[in-house]
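A.B. asks: Take a look at this one; I'll ask things after.
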Amino acid sequence: MAWGIWAIISAVLLILELLTVDFTFTMVAGGALAAGGVSAIGGNLVVQVVTFAIVSSLLLFLVRPWARQHINNSSKGESNVYALAGQEGIALMRIDENSGQAKIGGDIWSAKTVESPIAAEEKVVVTAVEGAQVVVVRAQ
């Protein structure tokens, strides 16, 4: 009946994985499934725990890095607000080195520039994102 406990542990870990999408809980759930398999074929508790530890460790250190690199990879390329770099917009008000506003892709952003001030209604290009503020330059 210990295999059922391992199955429940694995199910709970997989549910937790749905909340994090980091592949950590999935790898530990794999260890729990392996321990459940050992339990189902009659292995004692020590063998089950050792199997759980070894399989979980192997999955975490060997499979997880590969999975993170190839599945749901947000570390490659630009995503979210950092994808704004290079997009064009329009200055809604004067933009200087401290403040201003620009409309980029239908959204209004706090903006600043490292160049000379940009007048309202001029076209701008986003060069960077700093927190909740975009850094812009005049469009060519």
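Heads up, the sequence shown is in UniProt numbering, so the first residue is 1 and it goes up one at a time.
For every residue, glycine included, the Cβ atom is placed at its ideal position computed from N, Cα and C.
If you scan the stretch 34-77 from start to end, which runs of the alpha helix (DSSP H) of 4 or more residues do you find wholly inside it?
C.D. replies: With a minimum length of 4 residues, the continuous alpha helix (DSSP H) runs that stay inside the stretch 34-77 are 45-58 and 64-70.
A.B. asks: In chain order, what residues of the same chain lie with their CB nearer than 8 Å to the CB of Ala119, ignoring the 5 residues before and after it?
C.D. replies: Same-chain partners within the cutoff: Ala91 and Arg94.
A.B. asks: What first and last residue would you give for the beta strand (DSSP E) that runs through Val126?
C.D. replies: Where Val126 is concerned, the enclosing beta strand (DSSP E) stretches over Lys123 to Glu130.
A.B. asks: Please report the straight-line C-alpha distance between Gly4 and Ser10, rounded to a whole angstrom.
C.D. replies: Going by the C-alpha atoms only, they are around 10 Å apart.
A.B. asks: Where does the unbroken beta strand (DSSP E) through Gly89 begin, and where does it stop?
C.D. replies: Here the beta strand (DSSP E) through Gly89 covers Glu88 to Ala91.
A.B. asks: For Thr51, which residues of its own chain have a beta-carbon under 6 Å away from its beta-carbon, when the five flanking residues on both sides are left out?
C.D. replies: Here the set comprises Ala34, Ala35 and Val38.
A.B. asks: Please look up how many angstroms separate the CB atoms of Val135 and Lys112, rounded, as I've assumed it's under 8 Å.
C.D. replies: Contact holds; Cβ gap of about 6 Å.
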